[in-house]
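**Student:** Take this structure first; my questions come after.
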Amino acid sequence: MSASTTAILRHDWSLAEVKALFVQPFNDLLFQAQTVHRAHFNANRVQVSTLLSIKTGACPEDCKYCPQSGHYNTGLEKEKLMEVQKVLEEAARAKAIGSTRFCMGAAWKHPSAKDMPYVLKMVEGVKALGLETCMTLGRLDQEQTEALAKAGLDYYNHNLDTSPEFYGSIITTRTYSERLQTLAYVRESGMKICSGGILGMGESLDDRANLLIQLANLPEHPESVPINMLVKVAGTPLENAEDIDPFDFIRMLAVARILMPQSHVRLSAGREAMNEQMQALAFFAGANSIFYGDKLLTTANPQADKDMQLFARLGIQPEAREEHSDEVHQAAIEQALVEQKSSEQFYNAAV
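This is the structure in structure tokens:
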């Protein structure tokens, strides 16, 4: 199969086809992925996002990889939903260090009616700063999805995590079909989809292939596809999982790039454990998005200055964003904070 044919957008990938990509000689696979990548993106630009946990811990889901699950004792300090003002301050810092997208994550099974107004104000405030907005809040119903879209949310993150066949070994408190339904609501609302999975949980090659097939065979490809390497956290059922082979992880990125040529493939959780050479190989395989900053929700991430040093050595630059004047940004911050002052006081009294 030539690289030119795989650059065509497809939504009908079979397991045999995808496994054939995975088992190619490594150099052939990377050459194909890089060829596809260059047909759709500037190979020396990487989209940069910052991720903030806006509500931490005590999640009722039983995801075996997650330190925020209330089912496991990981020593994680629980935190209530952040005040809108503090979220906007963090977003302004993220923009100052070069992020173009600000992602906000809450450890919920689904957002409550009580919390939704504050979540919507966060979206509006971050959007006013000139940043792209992204949230991950768990399962959404149609009304919540439409409200987020109306508030200006650009992306909604809802990972499939793994294949439908392996999913029940990792999560029992939410079904695969519920995840797909949330993605359908997001797409119907006009928002962009961020959805990917995790490697290193004991899954097979078929599971990795079937995860990518689920994403690539959606009616529209996700605009962002995060590929995570399991971060093993003491107290979770996967704390002693076998390490994934670094070349297998790079293969996953490359196949994701081939199957979804126009999507941003994000080198996501696990970068703290990757040396510079592995990260450089990941970019060559077609990864063109990263999380930037000291933390990914509750786990470590390479510090921003280290990322910029690596970018400089590789000749990579952050993807450009639409710029606005500092006066516009400052006015937007001040306006959002004024609007929130009374509602913040009410929320703090209520909780």
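Residues in the sequence shown are numbered consecutively from 1, following UniProt numbering. Ideal Cβ placement from N, Cα and C applies to all residues, glycine included.
1. Let me know if Asn240 comes out buried or exposed under the rule of 16 or more other beta-carbons within 10 Å of its beta-carbon.
2. Taking only the alpha-carbon atoms, compute the straight-line gap between Ser195 and Val265 and give it to the nearest angstrom.
3. Tell me which residue opens and which closes the alpha helix (DSSP H) that Lys86 is part of.
4. Under 8 angstroms by Cβ, that's how I've got Tyr118 and Cys134 pegged, so tell me the actual separation to the nearest angstrom.
5. So if DSSP puts Leu199 in a beta bridge, which residue, or which two residues, is it bridged to?
6. Can you tell me whether Glu132 is helix, strand or coil according to DSSP?
7. Considering Gln47, what are the terminal residues of the beta strand (DSSP E) in which it resides?
8. Between Gly168, Ser177, Ser224 and Ala184, which has its C-alpha nearest Glu203's C-alpha?
9. For the region 250-261 against the region 272-286, are there 3 or more C-beta pairs whose distance is under 8 angstroms?
10. Report yes or no: do three or more beta-carbon pairs, one from the region 200-219 and one from the region 24-39, lie closer than 8 angstroms?
11. Nearest-angstrom Cα distance between Thr172 and Met116?
12. Counting only runs that start and end within the region 135-211, where is the alpha helix (DSSP H) found for 4 or more residues in a row?
13. Between Gln262, Arg208 and Ser49, which lies nearest to Phe41 when the distance is taken from Cα to Cα?
14. Residues bridged to His11 by DSSP?
15. Using three-state DSSP, classify Leu238 as helix, strand or coil.
16. Can you tell me whether DSSP reads Ile250 as helix, strand or coil?
17. Taking DSSP's pairing of strands, which residues face Gly286 in a bridge?
18. How big is the Cα-Cα spacing for Asn210 and Leu259?
19. By Cβ distance below 8 angstroms, which residues in the same chain neighbour Lys95 in space, the five residues on each side in sequence not counted?
20. From what residue to what residue does the beta strand (DSSP E) around Phe102 run?
21. Could you tell me if Ala350 is buried or exposed, where buried requires 16 or more neighbouring beta carbons within 10 angstroms of its beta carbon?
22. Tell me where the beta strand (DSSP E) around Arg266 begins and ends.
23. Nearest by alpha-carbon distance to Leu15: which of Asp307, Phe311 and Leu212 is it?
24. Under the rule that 16 or more other beta-carbon atoms within 10 Å means buried, what is Leu137, buried or exposed?
25. What residues in its chain sit with their C-beta under 6 angstroms from that of Arg10, if we drop five residues either side in the sequence?
26. Gly270 to Ser112, Cα distance in whole Å?
27. When the Cα of Ala147 is compared with those of Glu165, Leu120 and Ala92, which residue comes out closest?
28. I believe Ile227 touches Leu267 by the beta-carbon criterion, under 8 angstroms. Please report the beta-carbon distance rounded to the nearest angstrom.
29. Grouping DSSP H, G and I as helix and E and B as strand, with all else coil, what is Pro318?
30. DSSP on Phe311, reduced to helix/strand/coil?
31. Is it right to say residue 363 is buried, meaning 16 or more other beta carbons lie within 10 angstroms of its own, or is it exposed?
32. Assuming Asn27 is part of the alpha helix (DSSP H), what are its boundary residues?
**Tutor:** On the basis of the supplied data:
1. Translated into the one-based positions of the sequence shown, residue 240 becomes position 240. Answer is exposed; the Cβ neighbour count stays below 16.
2. Against the sequence shown, residue 195 aligns to sequence position 195. Against the sequence shown, residue 265 aligns to sequence position 265. A straight-line Cα-Cα distance of about 10 angstroms links Ser195 and Val265.
3. Residue numbering aside, residue 86 sits at position 86 when the sequence shown is read from its first letter. Its alpha helix (DSSP H) spans residues Val84 to Ala96.
4. On the sequence shown, position 118 is the one that residue 118 refers to. On the sequence shown, position 134 is the one that residue 134 refers to. Actually they are not in contact, since the Cβ atoms of Tyr118 and Cys134 sit about 17 angstroms apart, beyond 8 angstroms.
5. Locating residue 199 in the sequence shown gives position 199, counting from the first residue. According to DSSP, which records beta bridges pairwise, Leu199 is partnered with Met229.
6. Translated into the one-based positions of the sequence shown, residue 132 becomes position 132. Correct three-state label for Glu132: strand.
7. The sequence position of residue 47 within the sequence shown is 47, counting from 1. Note, Gln47: beta strand (DSSP E), Arg45 to Lys55.
8. Your numbering for residue 203 matches position 203 in the sequence shown. Among Gly168, Ser177, Ser224 and Ala184, the Cα nearest to that of Glu203 is on Gly168.
9. yes
10. no
11. Indexing the sequence shown from 1 puts residue 172 at position 172. Indexing the sequence shown from 1 puts residue 116 at position 116. Each residue's alpha carbon lies about 26 angstroms from the other.
12. 142-151, 164-167 and 176-189
13. As a working note, residue 41 is residue 41 in the sequence shown. Comparing Cα positions, the closest option is Gln262.
14. For this step, residue 11 is matched to residue 11 along the sequence shown. Note: His11 sits in no beta bridge, so no partner.
15. Position 238 of the sequence shown holds residue 238. Correct three-state label for Leu238: coil.
16. Walking along the sequence shown from the start, residue 250 turns up at place 250. In the structure shown, Ile250 sits in a helix (DSSP, three-state: H, G or I).
17. By one-based count along the sequence shown, residue 286 stands at place 286. Paired residue(s): none; Gly286 is not in a bridge.
18. Along the sequence shown, one-based indexing puts residue 210 at 210. Along the sequence shown, one-based indexing puts residue 259 at 259. Cα-Cα distance, rounded: 12 angstroms.
19. Reading the sequence shown from its first residue, position 95 is the one you call residue 95. For Lys95, where only same-chain residues beyond five positions count, the Cβ hits under 8 angstroms are Phe102, Leu129, Gly130, Leu131 and His329.
20. By one-based count along the sequence shown, residue 102 stands at place 102. It spans Arg101 to Ala106 - the beta strand (DSSP E) in which Phe102 sits, taken as one unbroken run.
21. Here residue 350 corresponds to residue number 350 of the sequence shown, with the count starting at 1. Note that Ala350 has pLDDT 42, beneath the 50 cutoff, so the model's placement of it is unreliable and no number is given.
22. For this step, residue 266 is matched to residue 266 along the sequence shown. Unbroken beta strand (DSSP E) run through Arg266: His264 to Leu267.
23. Taking the first residue of the sequence shown as 1, we reach residue 15 at position 15. With distances taken between Cα atoms, Leu15 lies closest to Leu212.
24. Against the sequence shown, residue 137 aligns to sequence position 137. Buried, because 16 or more other Cβ atoms sit within 10 Å of the Cβ of Leu137.
25. For the purposes of this step, residue 10 is taken as residue 10 along the sequence shown, with counting starting at 1. So the list is empty, once near-sequence residues are dropped.
26. By 1-based counting over the sequence shown, the position of residue 270 is 270. By 1-based counting over the sequence shown, the position of residue 112 is 112. As the crow flies, the alpha-carbon of Gly270 is around 30 angstroms from that of Ser112.
27. Locating residue 147 in the sequence shown gives position 147, where the first residue counts as 1. Comparing Cα positions, the closest option is Leu120.
28. Counting from 1 along the sequence shown, the entry for residue 227 is found at position 227. Counting from 1 along the sequence shown, the entry for residue 267 is found at position 267. That belief holds up - the Cβ atoms of Ile227 and Leu267 are roughly 7 angstroms apart, short of 8 angstroms.
29. In the sequence shown, residue 318 corresponds to position 318, counting from 1. Looking at Pro318 - three-state DSSP - the assignment turns out to be strand.
30. Translated into the one-based positions of the sequence shown, residue 311 becomes position 311. It is helical.
31. The question about residue 363 has no answer here: the residues shown for the chain are numbered 1 through 351.
32. Start at 1 with the first residue of the sequence shown, and residue 27 comes out as number 27. Looking at the DSSP string, the run of the alpha helix (DSSP H) that includes Asn27 is Phe26 to His40.
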